[in-house]
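K.L.:
Residue numbers for the sequence shown follow our numbering, beginning at 5 and rising by one.
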Amino acid sequence: MSEALEISDELGPAKVIHVHNPALGLKGILVIDNVATGPSIGGLRIAPDVSLEECARLARAMTLKNAAAGLAHGGGKSVLFADPRMAREQKEELIRGFAYALRNEQDYIFGPDMGSDETCMAWVKDEIGRAVGLPREIGGIPLDEIGATGWGLSHVADVAARYCNLAIRGARVAIQGFGAVGKHAARFLANLGAVLVAASDSRGTIHDPKGLDLGTLIPLKEAGKAVSDYPGGQKRGRDDIIDVECDIWIPAARPDVVHENNVRRLKTKLVVQGANIPFTPGAEKFLHEQGVLVVPDFIANAGGVICAAMEYQGASQSTAFATIEEKLHTNTKLVLDRVAKEKILPRTAALELAVARVKKAMAYRRWRIY
Ligand code: NAD
Numbered sequence: 005m006s007e008a009l010e011i012s013d014e015l016g017p018a019k020v021i022h023v024h025n026p027a028l029g030l031k032g033i034l035v036i037d038n039v040a041t042g043p044s045i046g047g048l049r050i051a052p053d054v055s056l057e058e059c060a061r062l063a064r065a066m067t068l069k070n071a072a073a074g075l076a077h078g079g080g081k082s083v084l085f086a087d088p089r090m091a092r093e094q095k096e097e098l099i100r101g102f103a104y105a106l107r108n109e110q111d112y113i114f115g116p117d118m119g120s121d122e123t124c125m126a127w128v129k130d131e132i133g134r135a136v137g138l139p140r141e142i143g144g145i146p147l148d149e150i151g152a153t154g155w156g157l158s159h160v161a162d163v164a165a166r167y168c169n170l171a172i173r174g175a176r177v178a179i180q181g182f183g184a185v186g187k188h189a190a191r192f193l194a195n196l197g198a199v200l201v202a203a204s205d206s207r208g209t210i211h212d213p214k215g216l217d218l219g220t221l222i223p224l225k226e227a228g229k230a231v232s233d234y235p236g237g238q239k240r241g242r243d244d245i246i247d248v249e250c251d252i253w254i255p256a257a258r259p260d261v262v263h264e265n266n267v268r269r270l271k272t273k274l275v276v277q278g279a280n281i282p283f284t285p286g287a288e289k290f291l292h293e294q295g296v297l298v299v300p301d302f303i304a305n306a307g308g309v310i311c312a313a314m315e316y317q318g319a320s321q322s323t324a325f326a327t328i329e330e331k332l333h334t335n336t337k338l339v340l341d342r343v344a345k346e347k348i349l350p351r352t353a354a355l356e357l358a359v360a361r362v363k364k365a366m367a368y369r370r371w372r373i374y
C-alpha cells in the first residue's frame with residue numbers, strides 16, 4: 005500500500021489504513037510511520053481535504069520529532085475527513101466510530117491536532133483507552149494552560165545562548181505570536197532574567213527597548229485584547245516584529261513567516277523556533293551563513309509532545325516539566341555541539357540525530373522493520 009506514497013522509504017510508513025463506514029458517513033485514514041522506538045503518538049486531524057501523502061508526511065514528522073525528543077514513541081497521524089465545525093453530537097459519533105474502527109491498532113496513540121481537542125481525546129480514551137491530551141479530570145496534563153512548550157523553549161534558549169556568547173540574563177527577546185506557546189516562553193525566559201522587548205499577535209506588534217511588563221501584557225492578552233492595547237511602548241504593524249533589534253527571536257505563530265524575501269530584516273543572534281516550520285530552508289541557510297544560530301522547530305518545540313508522552317505514562321505535571329528540561333538540555337547540546345564541530349546546518353544535525361536514533365532502534369527489533 006505504501007508503494008504509491010512518495011514518502012515511502014527505509015523508515016516507513018509501516019501501515020496505511022483506510023477506514024470507511026457508510027452507515028455512519030465515516031471516512032478516515034491512519035498512517036503509522038515507524039514504531040521501532042515504541043508505539044506511535046500523533047494527532048487526529050479533522051479536515052475535509054488532507055491527502056494521504058500529507059498525512060504520511062505529518063506522520064514522518066512525528067517519527068522524527070519523537071525520536072529527536074528521545075521519546076519511546078514512534079510517529080503516526082490520523083485524518084478524519086469531515087468539517088471540524090460540525091455539530092457536537094455528530095462529531096462525537098464520528099470520532100467514537102473512527103476510534104473503534106482502529107481499536108486494535110495498538111501501535112497508534114491518538115493526540116489532539118487541528119479540529120480536535122481534549123474533549124475529543126476523552127471520547128477516544130473512553131472508546132479504546134489510547135489517547136493523550138486528555139482533560140485534567142481524567143488524568144490529563146493541560147499542556148497549553150501550563151505552558152509545556154514555552155517551558156521547553158526557555159531551556160533551549162538558555163543552552164543555545166551559550167553557543168552564541170550570549171548571556172541569557174539581560175538578553176533581549178522578541179516573540180512573534182503571543183498565544184499558548186509565545187506568552188509562556190516569555191514568562192519562563194523572564195524567570196531566567198531575559199527581557200521581552202517586543203511581542204506581536206495577529207493584530208499588531210508592541211515594542212519597548214527598555215522591556216515590556218509581563219504582569220500587564222499577559223493578563224491583557226488573556227482578557228482577549230491585542231498586544232497593541234498594552235499601555236506604553238511603541239505600537240507597530242503586525243509584521244514589523246521582524247525588524248526589532250534583539251538577541252533572541254522566537255517565532256510562535258505560523259509556518260513560513262521568514263523567507264528569502266524578508267530574512268535580511270532580522271537583527272538577532274539566536275532564533276529558537278516555537279512554531280512548526282516557521283522559516284523556509286533558504287532563510288535558514290542564509291542565517292547560518294551570517295552566523296545566526298537557528299535551533300530548529302522539532303528540537304526546540306518538543307516540550308508539548310514530551311508532556312503528552314509523560315501524561316500517557318501517568319506522570320505528574322512536575323515530573324513532566326523536569327523531563328522536558330532534561331531532554332531538551334541534552335538534545336540541544338547534542339545538536340549544537342555537532343553544529344559547532346562540523347559547521348553543518350542545525351536542521352541537518354537534528355535530522356541526522358533523529359534518523360540515527362530510529363535506525364538504531366530498528367536494529368534492535370526482531371524483524372528489523374518498523
Ligand atoms: P495559539 O493559537 O495559542 O497562538 C498563536 C498566536 O499567534 C496568537 O496570539 C495569534 O494572534 C498569533 N498570530 C497568528 N498569526 C500571526 C501573525 N501572522 N503574526 C503574528 N502573530 C500571529 O497557538 P499556539 O498553541 O501558541 O501555537 C503557535 C505555533 O506553535 C503553531 O504553529 C503551532 O503549530 C506551534 N506549536 C504549538 C505547540 C503547543 O504546545 N501548543 C507545540 C509545538 C508547536
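All C-beta atoms, glycine included, are put in the ideal place defined by N, C-alpha and C.
1. Can you give me the Cβ contacts of residue 375 inside the same chain, cut-off strictly under 6 Å, excluding the 5 residues immediately before and after it?
2. Just grab the DSSP bridge partners of residue 209 for me.
3. When the Cα atoms are used, what is the spatial distance from residue 62 to residue 45?
4. Please confirm whether any heavy atom of the ligand NAD lies closer than 7 Å to the CB of residue 3.
5. Taking the continuous beta strand (DSSP E) assigned at residue 61, which residues delimit it?
6. Quick one: Cα of residue 251 to Cα of residue 130, how far?
7. At a cut-off of 7 Å, is residue 305 close to the ligand NAD when judged by its beta-carbon and the heavy atoms of the ligand?
8. Apart from the five residues just before and just after residue 354, which ones in its own chain have a Cβ nearer than 7 Å to its Cβ?
9. Pull up the distance between the alpha-carbon of residue 360 and that of residue 348, whole angstroms please.
10. Closer than 7 Å: is that where the CB of residue 51 sits relative to any heavy atom of the ligand ZN?
11. May I ask which residues mark the beginning and end of the alpha helix (DSSP H) holding residue 256?
12. Is DSSP giving residue 94 helix, strand or coil here?
13. Can the beta-carbon of residue 286 be found less than 8 Å from the beta-carbon of residue 239?
14. For residue 350, name the three-state secondary structure that DSSP assigns.
15. Looking at residue 204 and the ligand NAD, is the gap between the Cβ and the nearest heavy atom below 7 Å?
16. Closer than 7 Å: is that where the CB of residue 148 sits relative to any heavy atom of the ligand NAD?
17. Could you work out which residue in 229, 276, 110 and 125 is closest to residue 145 when comparing CA atoms only?
18. With contact counted as at least three CB pairs below 8 Å, one residue from each stretch, are the stretch 149-165 and the stretch 268-287 in contact?
19. Kindly indicate which three-state DSSP category residue 216 falls into: helix, strand or coil?
20. Based on Cα-Cα distance, which residue from 242, 249 and 136 lies nearest to residue 175?
21. Please classify residue 223: does DSSP put it in a helix, a strand, or coil?
22. Under the three-state reduction of DSSP, which class applies to residue 362: helix, strand or coil?
23. By DSSP, does residue 176 sit in helix, in strand, or in coil?
24. Starting from residue 167, follow its DSSP beta bridges and name the residues at the other end.
25. Measure the CB-CB distance between residue 201 and residue 211 and report whether it falls below 8 Å.
26. Alpha carbon to alpha carbon, how far is residue 312 from residue 137?
27. Name the one or two DSSP bridge partners that residue 340 has.
P.N.:
Let me spell this out:
1. In this structure the chain extends from 5 to 374, so residue 375 is not present and cannot be described.
2. The residue given as residue 209 occupies position 205 in the sequence shown. Residue pairing by DSSP places residue 209 opposite 204 and 240 in a beta bridge.
3. Counting from one through the sequence shown, the residue named residue 62 turns up at place 58. Counting from one through the sequence shown, the residue named residue 45 turns up at place 41. Cα to Cα, residue 62 sits roughly 11 Å from residue 45.
4. The first residue shown for the chain is 5 and the last is 374, placing residue 3 beyond what the model contains.
5. As a working mapping, residue 61 is identified with position 57 in the sequence shown. Secondary structure note for residue 61: it is in no beta strand (DSSP E), and the uninterrupted alpha helix (DSSP H) holding it is 56-72.
6. Reading the sequence shown from its first residue, position 247 is the one you call residue 251. Reading the sequence shown from its first residue, position 126 is the one you call residue 130. Between residue 251 and residue 130, the C-alpha separation is close to 47 Å.
7. The residue given as residue 305 occupies position 301 in the sequence shown. Yes, since a heavy atom of the ligand NAD falls inside the 7 Å radius drawn around the Cβ of residue 305.
8. One-based indexing of the sequence shown puts residue 354 at position 350. The residues are 72, 300, 302, 303 and 339.
9. Position 356 of the sequence shown, counting from 1, holds the residue named residue 360. Position 344 of the sequence shown, counting from 1, holds the residue named residue 348. Approximately 16 Å between the Cα atoms of the pair.
10. With respect to the ligand ZN, the structure offers nothing, as its ligand set consists of the ligand NAD.
11. Here residue 256 refers to the residue found at position 252 of the sequence shown. That residue, residue 256, is in no alpha helix (DSSP H); it is neither H nor E in DSSP.
12. For this step, residue 94 is matched to residue 90 along the sequence shown. Three-state result, residue 94: helix.
13. On the sequence shown, position 282 is the one that residue 286 refers to. On the sequence shown, position 235 is the one that residue 239 refers to. Cβ distance not < 8 Å, so residue 286 and residue 239 don't count as in contact.
14. Start at 1 with the first residue of the sequence shown, and residue 350 comes out as number 346. In this structure, DSSP gives residue 350 a helical state, which the three-state scheme calls helix.
15. Within the sequence shown, numbered from 1, the residue matching residue 204 stands at position 200. For residue 204, the shortest separation between its Cβ and any heavy atom of the ligand NAD lies below 7 Å.
16. Within the sequence shown, residue 148 is the residue found at index 144, counting from 1. Indeed, a heavy atom of the ligand NAD lies less than 7 Å from the Cβ.
17. One-based indexing of the sequence shown puts residue 145 at position 141. Considering only alpha carbons, the answer is 125.
18. Yes, the stretch 149-165 touches the stretch 268-287.
19. Within the sequence shown, numbered from 1, the residue matching residue 216 stands at position 212. The answer is coil: DSSP assigns residue 216 none of H, G, I, E or B.
20. For this step, residue 175 is matched to residue 171 along the sequence shown. Check the Cα spacing between residue 175 and each of 242, 249 and 136: the tightest is with 249.
21. Here residue 223 refers to the residue found at position 219 when the sequence shown is read from its first residue. The DSSP-derived three-state label of residue 223 is helix.
22. Taking the first residue of the sequence shown as position 1, residue 362 is located at position 358. Helix at residue 362.
23. Position 172 of the sequence shown, counted from the first residue, corresponds to residue 176. Shown here, residue 176 sits in a strand according to DSSP, grouped into three states.
24. In the sequence shown, counting from the first residue as 1, residue 167 sits at position 163. Note: residue 167 sits in no beta bridge, so no partner.
25. Your numbering for residue 201 matches position 197 in the sequence shown. Your numbering for residue 211 matches position 207 in the sequence shown. A contact, by the Cβ cut-off of 8 Å.
26. The residue you call residue 312 lines up with position 308 of the sequence shown. The residue you call residue 137 lines up with position 133 of the sequence shown. Near 6 Å, if we compare the C-alpha coordinates of residue 137 and residue 312.
27. Locating residue 340 in the sequence shown gives position 336, counting from the first residue. According to DSSP, which records beta bridges pairwise, residue 340 is partnered with nothing at all.
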